[in-house]
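Student:
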Amino acid sequence: ARLQDLQDGEPRMNYSSDVSLDSLKTAHFIGIGGIGMSGIAIVLAEMGYRVSGSDLELGDLTRKIGRLGGEIFEGHKAGNLSKDVSLVVYSSAISNDNPEFAEARKRKIPVLHRSEILAELFNKKKGIAVTGTHGKTTTTSLISVMLEKCGLDPAIVVGGEIDLFNGNAKSGKGKYFVAEADESDGSFTNFKPFYSVITNVEMEHMDYYKTIDDVKSAYRSFARNLKRGGTLFYNKDDSHISEILQDFAAARKSFGFGKDADIYPVDIEMNGFSTSFRCMYMGKLLGRVNLKLPGKHNVMNALAVILVGLEIGLDFRDIVDSIKDFSGAKRRFQLRACNHEVMLIDDYAHHPTEIRAVLDACRSWKDKRLVVIFQPHRYSRTKFLADEFGKCFEKADKLILTDIYAASEKAIKDISVKNIYDRVKANGLRDVVMLKKEKIAQHIKQLKKEGDMIVVMGAGDIKKVADDLHRELIMESVTSEGLLTSFRKIVKGEVRPRESLARHSSFRIGGPADIWVEPRDASDLRRVLAFSRERNIPTFVIGNGSNLLVGDNGFRGIVINLGSALFKKIKIAGTRITVGGGYSLPKLVNVACGKGLGGLESMVGIPGTIGGAIYMNAGGYTNPIYRNIGDLVISLKVMDYSGKVKVLKKEEIPFSYRTSGLDSYIILEAVLGFQKSSSKTLLQSSYKFLNMKKEKQVLDMPSAGCVFKNPKDFQFTCGQMIDMLGLKGKRIGGAEVSEKHANFIINRDCASAKDVTALIDFVRERVMKNYDIPLELEIKVI
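Using this note's numbering, the letters of the sequence shown correspond one by one to residues 117 to 898.
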């Protein structure tokens with residue numbers, strides 16, 4: 117079955133047998149920031165294909181695609197499609213009046229739904245497809261983690277972000293491809309898996325399916341797409357699945373809570389975030405399974421994963437060891453904060469069955485008052501499932517409802533959050549209110565008390581409420597005397613509360629950090645990271661504070677600076693220099709030139725640390741007379757945020773324009789390779805470069821260096837565009853566009869971060885209006 121061919125009376129796709137990975141030049145994704153779209157884009161980019169895309173809002177996933185070489189646009193417009201785009205990819209959320217969609221039709225560029233390009237990638241490998249009304253993301257994530265930790269290097273595309281993969285996708289070199297098969301629009305029938313998992317089947321996605329028979333028909337088609345020799349794994353306890361598989365002739369195995377399933381649990385124990393059970397398979401006891409996931413629904417997910425692992429030949433002990441530390445994808449019962457007063461949980465649940473499962477898991481904490489915040493998702497779901505929504509919140513002590521998130525739907529007359537409110541009240545829950553999203557955080561601040569568990573649920577933009585509450589709770593936690601005392605007990609280096617970040621920034625702007633820490637050594641840094649990770653406290657690593665704009669309220673969390681002596685060691689051996697991440701770049705330039713080691717002299721005047729310079733791939737980049745520091749890197753010693761240390765070789769580091777792709781790491785030490793030369797010649801060269809920079813750049817006023825990245829393949833630089841628009845000298849508050857170099861914003865007169873961001877927005881707006889180019893920030897804003 118294909119997707120609906122028509123929307124608003126116009127064809128949705130240009131089907132073309134000529135479209136294949138072999139002929140693909142550049143794939144452009146409309147809505148590239150979406151969880152499904154970004155995953156495919158990441159896989160293609162990692163495979164070496166050219167990728168571009170646009171979205172209304174950019175975030176961590178679009179930044180990751182950019183670091184992989186993708187071209188990302190903020191906002192939708194026809195000009196985002198370059199001349200060499202050979203395929204446009206869209207999701208069901210994109211409407212026919214999207215300007216990029218219209219441009220693709222005008223230029224007769226093949227247009228495919230995201231499921232079709234994913235299916236082409238997926239079907240080339242031994243595919244493991246996971247589908248179902250609930251539990252898809254967690255089950256897909258667990259299978260992906262299992263295969264990765266068992267050394268099978270799978271390709272994956274998941275509907276959630278996983279810490280192990282620093283995102284939602286990866287292009288593995290192994291034979292398996294694990295994908296979450298989205299049933300919401302029927303597109304999962306494009307998959308031809310070798311292994312299929314169906315977690316459960318319920319009436320859902322009423323904007324696409326009209327009856328439960330339509331739903332079952334789609335799942336039946338999905339099941340029959342199984343490749344010859346493959347196996348389907350299914351929920352034995354689900355009556356709809358049993359009906360779907362009545363005439364299913366291929367191999368199948370079942371998971372469930374009853375003894376009639378091929379695999380089932382006994383002696384289930386639940387304690388907070390921990391769940392354990394003994395696993396029975398084909399009537400034999402395999403052993404105990406320990407999970408860092410709460411709730412009986414996650415027992416069912418784990419059973420499906422174990423069944424897949426056993427089928428592909430993995431040892432039971434290897435399977436359970438690989439999944440024992442997995443604590444969930446983002447927004448799947450995600451612990452956002454837990455201070456001495458309140459626990460904050462963020463979850464994607466938006467269907468009554470999912471909500472009931474989450475609240476059942478919450479009751480593992482029997483002594484906590486349960487405060488639930490819920491945003492309905494789609495008018496059609498609210499209309500058809502209003503009665504079920506009315507019954508599913510019975511375990512909540514307090515319920516806060518907010519307006520429906522429409523997604524791509526138009527409003528339905530007489531359908532609103534009030535429909536759910538009325539049915540909840542009718543079912544006996546008296547403590548329920550309706551509030552606008554903007555008022556929820558303040559309401560929670562007033563009503564919360566010690567021992568509360570606050571659960572934020574929904575699939576729309578309710579995450580912003582969770583983010584607001586997270587910031588509020590973290591601020592309360594980090595500034596408490598008890599936490600600071602505990603932190604000082606475990607950290608050997610220097611610790612300072614409420615440290616002004618303005619004095620640590622070349623911009624001389626910004627509020628304080630809740631905690632400033634300079635770890636003594638790598639072991640101390642590992643303790644800092646463990647402390648912040650266990651308490652969900654945000655961290656930020658700062659060097660010399662160049663290329664940085666700190667907000668007026670500072671940073672709510674722990675700021676780490678590698679300022680101790682052990683991070684500033686330097687060793688010279690022949691033409692190689694091994695240097696700590698906290699070492700000063702200007703100082704290294706002088707040392708190298710003085711020792712007759714060439715390569716860094718063009719970086720004179722860049723006021724960063726070695727770690728910061730490598731992270732930003734500082735240098736001249738496209739100017740042939742300048743070098744980039746990434747050119748000199750031989751290897752790096754890095755620590756990831758779990759505290760693991762590894763050595764990365766040059767070829768493993770994706771250096772590109774103003775980025776290194778090292779967001780997941782802290783740079784501890786670098787080995788740099790130089791060319792032997794005359795120290796006199798190198799010193800003269802560095803003086804020459806410094807004088808050139810003094811002429812063209814702003815080195816004598818507080819600034820963060822160049823504010824915007826130069827646009828790719830455009831005849832003018834950012835500085836030239838801003839200059840031609842007559843914006844030199846433009847001021848907002850104490851911030852000013854430099855008269856010397858228009859891509860510099862200077863702190864002319866006690867500027868605030870608010871002044872700078874207002875000026876940045878003004879410049880961006882003028883450049884977009886006159887050149888139709890969205891400027892991307894080169895500086896980091898925290």
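Beta carbons: idealized from backbone N, C-alpha and C, even for Gly.
Flag this pair as touching only if the segment 443-457 and the segment 635-654 have three or more C-beta atom pairs under 8 Å; answer yes or no.
Tutor: Because the criterion of three Cβ pairs below 8 Å is met, the segment 443-457 and the segment 635-654 touch.
Student: Kindly indicate which three-state DSSP category N212 falls into: helix, strand or coil?
Tutor: Of the three classes helix, strand and coil, the one that applies to N212 here is coil, per DSSP.
Student: Jot down the residue ranges of each uninterrupted alpha helix (DSSP H) in the segment 512-567, minimum 4 residues, whole runs only, in chain order.
Tutor: 533-542, 553-563, all fully within the segment 512-567.
Student: Write down every uninterrupted run of the beta strand (DSSP E) in the segment 262-323 whose length is 3 residues or greater and which is fully enclosed by it, in chain order.
Tutor: List check, beta strand (DSSP E) in window: 271-278, 283-286, 292-296, 311-314.
Student: Using alpha carbons as the reference points, say which of D568, A473, M573 lies closest to T518.
Tutor: It is M573 whose Cα lies nearest to the Cα of T518.
Student: What is the DSSP secondary structure of G759, counted as helix, strand or coil?
Tutor: Here G759 sits in coil by DSSP.
Student: What does the Cβ neighbour count give for K369, buried or exposed, with the cut at 16 atoms within 10 Å?
Tutor: K369 comes out buried.
Student: Here's the rule: buried if 16 or more other CB atoms are within 10 angstroms of the residue's CB, otherwise exposed. What is L172?
Tutor: Exposed.
Student: How is the beta strand (DSSP E) around L401 delimited, first residue to last?
Tutor: Segment 400-407, the beta strand (DSSP E) holding L401.
Student: In whole angstroms, what is the alpha-carbon distance linking P492 and K812?
Tutor: Those two C-alpha atoms are separated by around 55 Å.
Student: M101 to L600, Cα distance in whole Å?
Tutor: Absent from the model: residue 101. The displayed extent of the chain is 117 to 898, so no value can be given.
Student: Anyone know if the C-beta pair for Q791 and G670 falls short of 7 Å?
Tutor: Cβ atoms of Q791 and G670: not closer than 7 Å.
Student: With a cut-off of 8 Å on the beta carbons, I'd call G661 and F683 a contact; round off their distance for me.
Tutor: Actually they are not in contact, since the Cβ atoms of G661 and F683 sit about 16 Å apart, beyond 8 Å.
Student: Inspect the beta-carbon positions of G246 and S257 and report whether they are closer than 7 Å.
Tutor: What sits at residue 246 in the sequence shown is Val, not Gly. Taking 7 Å as the Cβ cut-off, V246 and S257 do not qualify as a contacting pair.
Student: Can you give me the start and stop residues for the alpha helix (DSSP H) that K242 sits inside?
Tutor: Premise fails: K242 lies in the beta strand (DSSP E), 242-247, not in any alpha helix (DSSP H).
Student: Please specify which runs of the beta strand (DSSP E), each continuous and at least 3 residues long, are wholly inside the segment 668-744, giving them in chain order.
Tutor: Here the runs fully enclosed are 671-677, 686-689, 692-696.
Student: Quick one: using the 10 Å Cβ neighbour count with 16 as the cut-off for buried, is A465 buried or exposed?
Tutor: Classification for A465: buried.
Student: Below 7 Å between beta carbons: does that hold for A297 and F371?
Tutor: Contact: no.
Student: Per DSSP, what kind of secondary structure is D200 in: helix, strand or coil?
Tutor: D200 falls in the coil class under three-state DSSP.
Student: Around the Cβ of Y731, are there at least 16 other Cβ atoms within 10 angstroms (buried) or fewer (exposed)?
Tutor: Its Cβ being crowded by 16 or more others within 10 Å, Y731 is buried.
Student: Does the segment 781-801 touch the segment 685-702, meaning 3 or more C-beta pairs lie closer than 8 Å?
Tutor: Touching, per the Cβ criterion.
Student: Taking the CB atoms as reference points, tell me whether A708 and L701 lie closer together than 7 Å.
Tutor: Cβ atoms of A708 and L701: not closer than 7 Å.
Student: Specify, as a first and last residue, the run of the alpha helix (DSSP H) that G182 falls within.
Tutor: From DSSP, the alpha helix (DSSP H) with G182 extends over 176-183.
Student: Per the DSSP calculation, I848 is bridged to which residue(s)?
Tutor: Paired residue(s): A851.
Student: Quick one: Cα of A869 to Cα of K846, how far?
Tutor: Those two C-alpha atoms are separated by around 16 Å.
Student: Could you pull the start and end residues of the beta strand (DSSP E) that G821 belongs to?
Tutor: Taken as a continuous stretch (DSSP letters only), the beta strand (DSSP E) holding G821 covers 819-822.
Student: From the DSSP output, read off the bridge partner residues of S390.
Tutor: The partner list for S390 (beta bridge, DSSP) reads N387.
Student: Rank K565, A575, D584, Y537 by C-alpha distance to the C-alpha of I556 and give the top, closest one.
Tutor: Of the listed residues, the one whose Cα sits closest to I556 is D584.
Student: R166 bridges to which residues according to DSSP?
Tutor: Its beta-bridge partners are T142.
Student: Using C-beta distances below 8 Å, list every residue in its chain close to S819, excluding the 5 sequence neighbours before and after it, in chain order.
Tutor: Result list for S819: S622, F623, S854, F860, I861, I862, N863, in chain order.
Student: Suppose you measure from the CA of S211 to the CA of K193; what does that come to, to the nearest Å?
Tutor: About 13 Å.
Student: Output needed for M837: all residues of its chain with C-beta closer than 7 Å, excluding positions within five of it in sequence on either side, in chain order.
Tutor: For M837, where only same-chain residues beyond five positions count, the Cβ hits under 7 Å are V883, Y887.
Student: Please list the terminal residues of the continuous beta strand (DSSP E) segment that includes G789.
Tutor: That run of the beta strand (DSSP E) goes 781-789.
Student: Looking at the secondary structure, which residues open and close the beta strand (DSSP E) in which L348 lies?
Tutor: Counting along the chain, the beta strand (DSSP E) containing L348 begins and ends at 347-351.
Student: Pairing CB atoms from the segment 180-189 with CB atoms from the segment 234-243, are three or more of them under 8 Å?
Tutor: At 8 Å Cβ cutoff, the stretches do not touch.
Student: By how many angstroms is the C-alpha of R546 removed from the C-alpha of G849?
Tutor: Taking the straight line from one Cα to the other gives about 50 Å.
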